[in-house]
Structures are given as structure tokens and as C-alpha cells.
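See structure below.
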């Protein structure tokens, strides 16, 4: 038996080699997971194949994981920078379309063949399907087959090398991105204050309405040499010490209402303590804190919520999500009860519940099947990829439906993404490798030149405008660029550059719109 005739042997052999090659660094640059694609190219050239379903499953897993990660920040991101991302997608698609038409005239190439080059350069299989159905011609497929390998390779290499080409300091871009996040989610501080404002003397915390006026959490009150766990009914006296958590601005407002900040350390009360818990109890997920009556009954205060690396000051309307890390203050005797209430089962963060994933993917597939007729022969849809991405983004935003928790913990989501990438890049590389040399030899060098130009020039124009005109953060710019080109391999090439999720959020923000935009442009091209 020839082992190399086994699909399974080929799949795991080439992925193993790809992972090894991906770890090799040259001048600080490595291909990481993208190396699997290039190894698969070589295997594909020699005629090795794997079942197409492996590539599809990999793409589904990868896109679902991207949507789940980007979901919580997707809508806020689109509100803030959606117009800029959409403008980038329009610039890239239109410049690519104009260049395609111009080069087809210069090189005297059939416009249907040229349209295939355009779609292959942007790696848009969905637009190819629409074009073939509309024209009933094989020429778009020929052009797509020629340009697709170069589209994938060119986009991966340019996005990976662009920080070097444009002299970008990735660490500074990360810092700028994190600073932008901090503007939306300011850092939380804990300070001590002394009650000096006569207007606050002999009034309860509820009467002063400190929570709603300052958005701070009063976690401790030191009064008459005793530590008090504050309640709305707690009466404040002159000279009391208060410990509060909030942003800098929030704490300044509190200082104006009650009195100045003090560096005096409050004595430790063993009966009163601080604890950290992880939210894993399904029953309290997505419920406003104001409805969690056990907190009031046990006199427990949630001081901060840490979610996806961001600290949030909670209020009565804040909702807990699976995997949130919360800081609480309260009586020591009640901590064991509140621990079981929150769940605090760290092992659950490493569990991968496949039911929500499978249901979410199924919903995405159904969304992808929806098509809008634009003429008697042509219907436009976002396809399998777009449907799964949209499903994941929306479900991640919802968080929970009944007993089903849509959010996935970080480690589990990372595993799902890596597994999906391995399968997807293997399939794409093998397919592309089988066509590279034959396509070039059969169709001439001009087609190769066109494919390269259509891939590179619109990308360079988009990067320059995004960087110098729109002043976008470069990590978001790269994410928006790959999303505008609907290039999953390129996104995988960017991921190792940064520990932030800036590229993924930008990618998910523009991808569905870019998918439709490329389909429209590809149909306009064939009119010339």
C-alpha cells in the first residue's frame, strides 16, 4: 500500500511540515500557520489532493471563531469606524475593477477572462459562482484559476510584510489601539476618601445617590473604628473613610461630592474581604445585576468586571457573560455562598461545548442559503462563509438564549480557530498548487502580469489612503484590508503580528459588505 495515496496521511503530513516551517523566523518574520498553505502548494503541484469537504469544514470553523471573538465589539466598531472601513472596501473594489477593465483593453484580453482574473485576485469564489451562472461561460473560471494562487500568495505576503514596507512599529500600533479601547473602557482605580463635605453629613448612601451620580462603587466604609459593609441605608458621618472603585473621572466626581482623597490605609477587617471569581453559572448569565437579589441579601458588591482584557465598572443594568472575571467585596462568611452562585469553575473555561457551535454554524449555513434575485437569471447571496460569520457575530452579541451559551472561552475559541485554519489552508493550497504551472503555460505571461497587478496595486492604494488620509490604526487597517478582499489566509497571516483582536474585529466588520460589493463590481466588469 502506498501511504501517500491516503488522504489522511497527506493531510497530516503536509500540516505537520507546515507547522514546522511556520516556526522558522527570518529577520524576525515567520509565516506561522500560513506556512501550511505554501507547503500545500508544493504538494498540490505534485498532484496530491484531499476531499474538498475538509477545506469547507476548516473554513466554517475558522470563520465562526472569528465572528465569536469579534461579535462583542463588532457593532461598536462599526458605529465608530464602519464608514472608514466601508470606504476602504469601495476604494479597493472599484480600483481593482477599473484596473481590470483597463488592462483587458491594453493586453486585448476577453473581458470575461479578465473578470475571472479580478475575482481570483480578490479570492472571491462567491462572485465567480454568480458570474458563471449569469454568463454561462467557462472563461471566468479560467481567469479565476490563474489569478487565485497569486491572489492568495500576494495578499498573504503583502499583508505580512507591509509593516516592514511602510515602517510601522507594531508595538506602538498595539499601544494606540489599547489606548483607544481605554477611552471607551477607562481603567478602573480604587481610592480611599474622607467624608468632609457638610452636605453629605448624616445622610444615607441611598439619599446621596452616589452610585448614579458618580458611577462608582463604594465597597467599604470605616466608621467609629469599625469596618462597615456599605448598604443604601448606611448613614455617613463626618470623618468617615470610604473606599471606592471607578475611573479617574468618576472618582473625581465622588471627591467633589464627599471630600478629598486620602492616602491613609484602611485597617484590614478579617470579617470583610475581597475575592475574585469567574462567571460560569449559566443561570445568571445575561441577567442585569439589579435582578441578582442574592447580592443584596448577602451584602456583596461587585467592584469591577474584567471581560476580554477590559475592566468595566458595573451598574445595576450591567449583564454578566460567561467567562467574566469579577472582583467582589463583602463579608468573609458569605464568600463561599457567592462563589457557588457565580460558578467559579475554572475547568469550564477549557471545555468546548459543541452544541452552541453546531447550532450557530447551522444557523449561519441557513443564512448563507438566502439569495436576493437581482434579475431573472441572477440572485445574490452572501454564501456559506458570510452566513456563518454573520451568525457568529450576532450570537456572540446575544450571549445566551435559554440554556444555550453562545460565547466561547478564549482558549477553546483559539483551538477552534487553529484547527479550522489548518484544514482550510491545506485544501486551498492543494487546489492552487495543481493549477499554477498549467495555468501560466496555457494562457501566457500577460495573464500572470495582470493577476499580479490587480492584486497588488489596489492593495497599495488602499493601504496608503487608509494610513495617510483616513489615519487608521495600522492593525485595524490590515484587518479591514483583508476583510475588503475577503481573504481568510491573509487574516491568518496578520494574526501572529499582534496579541490584540484589532484585525479580527475590523475584518468581521467589513467582510459581509465587502462580499456583496465584490459581487456587484464583478458583474459591472463584464458589461465592458
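Residue numbers (my numbering): 9 to 536. Ideal Cβ placement from N, Cα and C applies to all residues, glycine included.
Closest in alpha carbon position to residue 308, among 324, 338 and 320, is 338. Beta-bridge analysis with DSSP links residue 254 to 197.
Scanning 344, 320 and 207 for the CA closest to the CA of residue 302 turns up 344.
The criterion of a C-beta distance shorter than 8 Å is not satisfied by residue 511 and residue 480. Look at residue 224 here: in three-state DSSP terms it is coil, with no helix or strand label.
Scanning its chain for C-beta atoms nearer than 6 Å, with the 5 sequence neighbours on each side dropped, one finds around residue 284 the residues 335, in chain order. A distance below 8 Å separates the beta carbons of residue 396 and residue 376. With 16 or more neighbouring CB atoms inside 10 Å of its own CB, residue 369 falls in the buried class.
For residue 269, the secondary structure class from DSSP, reduced to helix, strand or coil, is strand.
The C-beta separation of residue 103 from residue 346 comes to about 58 Å, leaving the pair out of contact by the 8 Å criterion.
If you draw a straight line from the Cα of residue 531 to the Cα of residue 139, it comes to about 7 Å.
Distance from residue 523 to residue 391 at the Cβ level is roughly 7 Å; contact confirmed, criterion being Cβ atoms closer than 8 Å. Per the coordinates, the alpha-carbon of residue 212 lies some 21 Å from the alpha-carbon of residue 270.
By the Cβ-count criterion, residue 264 is exposed, with fewer than 16 other Cβ atoms from all chains shown falling within 10 Å of its own Cβ. Counting C-beta atoms within 10 angstroms of its own C-beta, residue 96 has 16 or more neighbours from the protein chains shown and is therefore classed as buried.
The residues 197, 199, 224 and 252, in chain order, have a CB closer than 7 Å to that of residue 259 in the same chain once the five nearest residues on each side in sequence are set aside.
Here the alpha carbons of residue 174 and residue 476 stand approximately 11 Å from one another.
For residue 333, the enclosing beta strand (DSSP E) has its first and last residue at 333-339. Between residue 152 and residue 127, the C-beta spacing is below 8 Å. Judged by DSSP in its simplified three-state form, residue 379 adopts coil rather than helix or strand. Residue 222 and residue 262 have their C-alpha atoms some 6 Å from each other. Ranked by how close their Cα comes to the Cα of residue 164, the residues 257, 40, 209 and 216 have 40 in first place. Across the structure, residue 241 and residue 99 are spaced so that their CA atoms are roughly 60 Å apart. With 16 or more other CB atoms across the displayed protein chains lying within 10 angstroms of its CB, residue 408 is buried.
The beta carbon of residue 529 sits closer than 6 Å to those of 101 and 105, all from its chain and outside the five residues before and after it, given in chain order. The shortest CA-to-CA distance from residue 91 to any of 517, 42, 535 and 533 is the one to 517. Pairwise C-beta distances place the segment 422-434 in contact with the segment 64-72, as three or more of them are shorter than 8 Å. Going by DSSP, residue 315 is part of the beta strand (DSSP E) stretching over 309-315. Note that the C-beta distance between residue 154 and residue 459 is below 8 Å. With a cutoff of 8 Å on beta-carbon distance, residue 372 and residue 404 are scored as not near each other. If you look at residue 234, you'll find it in the beta strand (DSSP E) that goes 234-236. Around residue 25, the same chain offers 47 as residues with beta carbons nearer than 7 Å, after the five sequence neighbours per side are excluded.
Cβ-Cβ separation between residue 146 and residue 505: approximately 39 Å, too far for a contact (criterion under 8 Å).
In this structure, residue 462 and residue 143 do not form a Cβ contact; the two beta carbons are roughly 19 Å apart against a cut-off of 8 Å. Contact between residue 498 and residue 93 does not hold, since the beta-carbon distance rounds to 15 Å and is not under 8 Å. Residue pairing by DSSP places residue 244 opposite 211 in a beta bridge.
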